[in-house]
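Worksheet for the structure shown next.
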Amino acid sequence: MTITILLLLALLAANLPWGSERLFYLVPLKGAHKAIGWCLLELVVLYFVIGTVAVAVEQGSVGQVAARGWEFYAITFSLFLVFAFPGFVYRYLWRNA
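Under my numbering, read the sequence shown as residues 23 to 119, first letter to last.
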């Protein structure tokens, strides 16, 4: 159950950058539209936030944190990008059509 909640939280977090014209839903930007660079920055920051939450969940449930190599981070970031695809499609492809 915890893993399901964590995956749903990651799915939600991956789509957050594409849903608002504000930076992290808080800071208004000067331009009319938020550039894709800001969205990608938010995506990377949210990836690390979700990763921190996942490590805390692992520490709490198992009692220790497993060692991770670069492969783990490459795969989880790729999964996070796949999770972000619906928000990207909505913002740049579907809404403007």
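Heads up, the beta-carbon is just placed ideally off N, CA and C, and yes, glycines get one too.
For GLY82, the uninterrupted alpha helix (DSSP H) run begins and ends at 58-84, by DSSP. Leaving aside the five residues that flank ALA57 on each side, none in its chain has a CB nearer than 7 Å to its CB. The segment 72-90 and the segment 43-58 do not touch, with fewer than three beta-carbon pairs separated by less than 8 Å. Under the three-state reduction of DSSP, ARG113 is assigned to helix. Contact between LEU28 and ALA76 holds: their C-beta atoms lie close to 6 Å from each other, under 8 Å. For PHE99 against ALA36, the beta-carbon gap comes to about 10 Å, at or over 8 Å, which does not count as contact. Nearest C-alpha to VAL66 among LEU38, THR26, SER42: LEU38. Where LEU51 is concerned, there is no enclosing alpha helix (DSSP H), because DSSP gives it neither an H nor an E.
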